[in-house]
Amino acid sequence: MNASDIAAELEAFIRQQFHVAPNDPNFDRTTDLFGAGYVDSVGVIETLAFIGERFDVEVPEEALLSESFTTIEGMAEAIAGLVQDARARPVSAAG
Amino acid sequence: MSVRVLGATDPVMGWDGARAYLDADGAAGSPPPERLDGVGAATQRLGDGSTRLFRDRLGVGKLFWARGGDSGLDLAARPIRLIEAGHRLDDISALPRGCVVTLDAAGHVVEERRAPPPRGSAPDEPESLEAIGARIRDRLDAYLAQIAAAHPGRRAVICLSGGLDSSTIAAVARRHFDDLAAISFDIDLPDRGDSEDRAAARRLAGDLGMTVIEATVSPEALIETLDLVLTEGIDWRDFNVHAALVNAALGRAIREASAGDATPPLVLTGDLSNEYLADYGAERYRGATYYALPRLGPDRLRDILVQGLDTCHREVGIFAAHGLPLAQPFAVAADLYLGLPAAFLAEPDRKERLVRAILGDALPDYIYSRPKVRAQTGGLDIGGGVLGACIDRGIDADWLRGRFAELHRVDDTSALDRFIRAGRYRAAIPTHREAIHECV
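Below, the structure is given as structure tokens:
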């Protein structure tokens, strides 16, 4: 799953969860979701919960508080990196 | 490199699983334990010029840092102290929770360890609620016994709302403190007598043999403490600010009532149980919804609320601002509460059942049967409580955010969202990259 696929799923979640109008001209994958008021402080938690459940990754604080983690595009890039890191991690042998 | 600690750090009321870890332990240079729970964030100057920083696993204690102009390190328990020293909010980070970091005299990290946050342990066999309750009771007893023993003859005051959480702590604490009083909060509204919370607290205190300090404040007196609450509570989010306003009133009243005491009392609260049991809900006032929560299942919500303790200072910070050390006994039992199964969290009467398992018949039935009323909202009985007092005066979420920014000398309020997001601080270990670069 690449960043573009992740962005598509994120966009679908955010549109549905936060009631974004289908024809909203101000909303796209580069919109600052927090600054533009689409996702508030409660919504960011819901979004993180979705990311954790859907992509099986936990967003570390450095990523969460970075400037890029405010757009769908930025989030998708970060998540793609986390997914890749998780897959690259060696699986510990059974004891 | 210089290391400056700006202002006082909050009194340490920690726990290592078996023993209390207090300010005296830190002052003696004893390293904090591998797993530090309770209220615990401080700095230690070690004899060889090195400095040790630490913070408890839940993040109940707070410690912040920023680089000084000479690449030195400034530390403080409140961002406002660093702001006053010339730092910008964007340059301030929290010490991550669970961290113990030792810096040598040149500011290089020579030791770093990080304990994971408390998690519920999965027992080999499922435990009954009674067994879990007994373990919680034993833990609370052990912690409070050691806190009391470490402060012989010192008065303690329990913030008693008449709800199950504060009543639990009162019932346990009275076994260990010779001089334990209760304090009850109420808002002074015209044409209204005591609130039901006040009546219940008074009744329970009598039944437990405690005197009651009554902190009754007008809405105007409550609002006067907003700037203190915003800076010492390190928060602008409305629920936390409203809770902190209550605590500011309690703190002031405790100091007034103990003006003749040689040392200020210890304060005890029943906080954190609501996070552990996901026992929060949105509130309605004048047609609007406040305190909205994420739309998550109860176990995920619990995890988020517990994680959010990292950025909550509405109790420790506020009482410390009044010179009052605070112990939060539930903070040392996080692992036991987090072991409660997810299905239990979905039960409407979970708190009542758990408290009965913890205390048996040590609490009277009328406490169990009371409806939950938060001091922040007060329901119909106290006119919207603190929430109403603020909203009716135009002090809404946007106002609080703007005032916090102003106090912290922030022009662009987006800096607040870079400081706290999803209930977590911008956090990092203070490394000395600049100095290392200069040496290369």
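Chains A and B, in that order, give the protein sequences.
So the first sequence is numbered by this note's numbering: it starts at 384 and just counts up by one.
So the second sequence is numbered by this note's numbering: it starts at 955 and just counts up by one.
Each residue gets a CB set at the ideal place from its N, CA and C atoms; glycine is no exception.
Fair warning: this is a prediction, and the values are worked out from it, not measured in the lab.
Is the CB of G914 of chain B under 9 Å away from at least one CB in chain A? In the structure as shown, chain B begins at 955 and stops at 1394. Residue 914 of chain B is therefore absent and cannot be evaluated.
Endpoints, the alpha helix (DSSP H) within which S1120 of chain B is located: Membership of S1120 of chain B in the alpha helix (DSSP H) is indicated by the continuous run L1118 to A1127.
Beta-carbon proximity list for E1229 of chain B, same chain, < 8 Å, skipping 5 on both sides: Here the set comprises R1256, L1259, V1260, G1262 and L1263.
CB V959 of chain B to CB A1059 of chain B, shorter than 9 Å? Cβ atoms of V959 of chain B and A1059 of chain B: not closer than 9 Å.
Please report how far the alpha carbon of L448 of chain A lies from the alpha carbon of V993 of chain B, in whole angstroms. Near 25 Å, if we compare the C-alpha coordinates of V993 of chain B and L448 of chain A.
Below 9 Å between beta carbons: does that hold for L1176 of chain B and A1155 of chain B? In this structure, L1176 of chain B lies away from A1155 of chain B, with their beta-carbon atoms at least 9 Å apart.
Return the CA-CA distance between A1236 of chain B and E1065 of chain B, expressed in angstroms with no decimal places. A1236 of chain B and E1065 of chain B: Cα-Cα distance of roughly 44 Å.
Going by CA-CA distance only, name the one from B:I1034, B:G1293, B:L1114 and B:V957 that's closest to L1182 of chain B. Considering only alpha carbons, the answer is B:I1034.
Using 10 angstroms around the beta-carbon of P986 of chain B, count the other beta-carbons present and answer buried if the total reaches 16, otherwise exposed. By the neighbour-count rule (16 or more Cβ atoms within 10 Å), P986 of chain B is buried.
The beta strand (DSSP E) that contains V1111 of chain B, what's its start and end? A1110 to C1113 is the extent of the beta strand (DSSP E) around V1111 of chain B.
Measuring straight from C-alpha to C-alpha, what distance separates G1013 of chain B and L1278 of chain B? In a straight line, the C-alpha of G1013 of chain B is about 19 Å away from that of L1278 of chain B.
Does V427 of chain A come within less than 9 Å of chain B when only Cβ atoms are used? Output row for V427 of chain A: interface = yes.
Between the C-alpha atoms of T1170 of chain B and T1217 of chain B, what's the straight-line distance to the nearest angstrom? Taking the straight line joining both Cα atoms gives about 24 Å.
Give a yes or no on whether the C-beta atoms belonging to R1093 of chain B and V1270 of chain B are separated by under 9 Å. R1093 of chain B places its beta carbon 9 Å or farther from that of V1270 of chain B.
For a cutoff of 9 Å on Cβ pairs, would you count L431 of chain A as touching chain B? At least one chain B Cβ lies under 9 Å of L431 of chain A.
If I measure Cβ to Cβ from F1131 of chain B and keep anything under 7 Å in the same chain, skipping five residues before and after, which residues do I get? Here the set comprises A1102 and A1110.
Please decide whether L393 of chain A counts as near chain B, where near means a Cβ-Cβ distance under 9 Å. Chain B, which has no Cβ nearer than 9 Å to the Cβ of L393 of chain A, makes this no.
Between P1050 of chain B and chain E, is the shortest Cβ-Cβ distance under 9 Å, so that the two count as touching? Although the question refers to chain E, the structure presented lacks it and instead comprises the protein chains A and B.
On a Cα-Cα basis, can you pick out the residue from A:Q399, A:E441 and A:T413 that is closest to S467 of chain A? For the sequence presented, residue 467 of chain A should be read as Gln rather than Ser. Ranking A:Q399, A:E441 and A:T413 by CA distance to the CA of Q467 of chain A puts A:E441 first.
Could you check which residue in B:A1351, B:E1301 and B:T1223 has the C-alpha nearest to that of T1243 of chain B? Looking only at B:A1351, B:E1301 and B:T1223, the smallest Cα-Cα distance to T1243 of chain B is reached by B:A1351.
Please list, in chain order, the chain B residues whose beta carbon lies closer than 7 Å to that of F417 of chain A. Within chain B, the residues near F417 of chain A are D1371.
For a cutoff of 9 Å on Cβ pairs, would you count Y1239 of chain B as touching chain A? No, its Cβ sits nowhere closer than 9 Å to a Cβ of chain A.
Spatial neighbours of D1225 of chain B in its chain, beta-carbon cut-off 7 Å, leaving aside the 5 residues before and after: Take D1225 of chain B, set aside five residues on each side of it, and the residues of its chain with a beta-carbon closer than 7 Å to its own are E1269, Q1282 and F1284, in chain order.
Here's the rule I'm using: 16 or more other beta-carbon atoms within 10 Å means buried, otherwise exposed. How should A1127 of chain B be labelled? Buried: at least 16 other Cβ atoms inside 10 Å.
Which ranges would you report for the beta strand (DSSP E) in the region 1181-1263 of chain B if only whole runs of at least 3 residues count? Fully enclosed beta strand (DSSP E) runs of 3 or longer: 1220-1222, 1237-1239 and 1242-1244.
Quick one: Cα of L1354 of chain B to Cα of I428 of chain A, how far? Taking the straight line joining both Cα atoms gives about 21 Å.
Does the contact criterion of 3 or more C-beta pairs under 8 Å hold for the region 994-1005 of chain B versus the region 1045-1060 of chain B? Enough Cβ pairs lie closer than 8 Å, so yes.
As a quick exercise: from B:A1153, B:P1050, B:L1118 and B:G1107, pick the residue whose alpha carbon is nearest that of I1321 of chain B. The shortest C-alpha separation from I1321 of chain B is found at B:L1118.
Are Y1379 of chain B and A995 of chain B closer than 9 Å when you measure CB to CB? The Cβ atoms of Y1379 of chain B and A995 of chain B do not sit closer than 9 Å to each other.
Can you list, in chain order, the residues of its chain whose CB lies under 8 Å from that of L1334 of chain B, leaving out five sequence neighbours each side? In this prediction, L1334 of chain B has a pLDDT of 42, which is less than 50 and means its spatial position is unreliable; nothing more can be read from the coordinates.
Does DSSP put L1278 of chain B in a helix, a strand or coil? L1278 of chain B: coil per DSSP, three-state reduction.
Counted within 10 angstroms of its Cβ, other Cβ atoms place T413 of chain A as buried (16 or more) or exposed: By the neighbour-count rule (16 or more Cβ atoms within 10 Å), T413 of chain A is not buried but exposed.
Cβ of I397 of chain A within 9 Å of Cβ of A463 of chain A? No, they are not a contact pair.
Assuming the contact rule is C-beta atoms closer than 8 Å, A432 of chain A and R1375 of chain B should be a hit. Round their C-beta distance to whole Å, please. Incorrect: roughly 14 Å between the Cβ atoms, too far for contact.
Simplified DSSP state of G1314 of chain B, which is helix, strand or coil: G1314 of chain B carries a coil assignment under DSSP once its states are collapsed to helix, strand and coil.
Give a yes or no on contact between the region 1071-1085 of chain B and the region 1292-1305 of chain B, applying the rule of three or more CB pairs nearer than 8 Å. In this structure the region 1071-1085 of chain B touches the region 1292-1305 of chain B; the number of beta carbon pairs closer than 8 Å is three or more.
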